[in-house]
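Student: Residue numbers (the working numbering), protein chains in the order written: chain B, 15 to 127; chain W, 186 to 300.
1) With a cut-off of 8 Å on the beta carbons, I'd call residue 6 of chain B and residue 18 of chain B a contact; round off their distance for me.
2) Distance cutoff 8 Å, beta carbons only. Does residue 193 of chain W sit that close to anything in chain B?
3) Could you give the DSSP three-state label for residue 241 of chain W: helix, strand or coil?
4) Show which residues of chain B have a CB atom less than 7 Å away from the CB atom of residue 251 of chain W.
5) Determine whether the beta carbon atoms of residue 277 of chain W and residue 218 of chain W lie at a separation below 8 Å.
6) If you pair each beta-carbon of the segment 80-97 of chain B with each one of the segment 24-43 of chain B, do three or more pairs fall below 8 Å?
7) Using beta-carbon positions only, say whether residue 120 of chain B and residue 86 of chain B come within less than 8 Å of one another.
8) Among B:84, B:53, B:79 and B:52, which has the Cα closest to the Cα of residue 66 of chain B?
9) With H, G and I counted as helix, E and B as strand and the rest as coil, what does DSSP make of residue 99 of chain B?
10) Look at the alpha carbon of residue 289 of chain W and the alpha carbon of residue 56 of chain B, and state the distance between them as a whole number of angstroms.
11) Name the chain B residues whose beta carbon is nearer than 8 Å to that of residue 274 of chain W?
12) Could you please give me the residues that DSSP links to residue 219 of chain W through a beta bridge?
13) Tell me, which residues are paired with residue 46 of chain B by DSSP?
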């Protein structure tokens, strides 16, 4: 059972480039989340989804976009990469509302230069 | 549910000693309090959680206590081992309202257990 899988693990982008961070889960979870983790700052929610076709903003959505066309996949899109988006990005999923544990992937470390 | 204070930011203990990490929150509607452990290069992993109708929960060497009146909760690790070394995050969430399904995380505590 793979759980939550994120690709790529590492990426370096130039300012202004775009990319998509992939996230897929095989647990048939309805809820999926994207967080960013900056040193000493904990995890901040970027976007989340309660099911296919439904997405909503979290605490820090600016500069990002998401889509949820299937239950399994929840990609995160950076359209115009900026140095402030250098961070470690984590995808998570849970079966239903917040009282069910969130299962995390191992992250994508992204550097914008 | 946006203000979660976590202390200390770093904690060093000798193997076999106990470790305590404390968190405070401000949202009275919060009623779910999980703790996550993050090892180097990995994603956070849930280690224990507590709901607001319970004051204490224990799982082997790990325990969590909750004081809803004072709005604080704590993680207790007894008989620490070197493999307990990691970053620990507290979080809080609510099962109703505009923040349904969302978790708010503390800034983390780097625990180091010296052999």
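From the three backbone atoms N, C-alpha and C, an ideal C-beta is built for every residue, glycine too. Small disclaimer: the values here were computed from a predicted structure and weren't measured.
Tutor: On the basis of the coordinates in this document:
1) In the structure displayed, chain B extends from 15 to 127; residue 6 of chain B sits before or after that span and is not available.
2) No, because no Cβ of chain B sits closer than 8 Å to the Cβ of residue 193 of chain W.
3) Residue state, collapsed to three classes: strand.
4) Chain-order list of chain B residues neighbouring residue 251 of chain W: empty, with the shortest C-beta distance near 14 Å, by a criterion of under 7 Å.
5) Yes, the Cβ-Cβ distance between residue 277 of chain W and residue 218 of chain W is below 8 Å.
6) With the cut-off at 8 Å, the segment 80-97 of chain B and the segment 24-43 of chain B touch.
7) No, these two residues do not count as a Cβ contact at 8 Å.
8) Of B:84, B:53, B:79 and B:52, the residue nearest in Cα terms is B:84.
9) Helix.
10) Pairing residue 289 of chain W with residue 56 of chain B, the inter-Cα distance amounts to about 9 Å.
11) Residues of chain B passing the Cβ test: 56 and 57.
12) The bridge partners DSSP lists for residue 219 of chain W are W:234.
13) Answer is B:63 and B:107.
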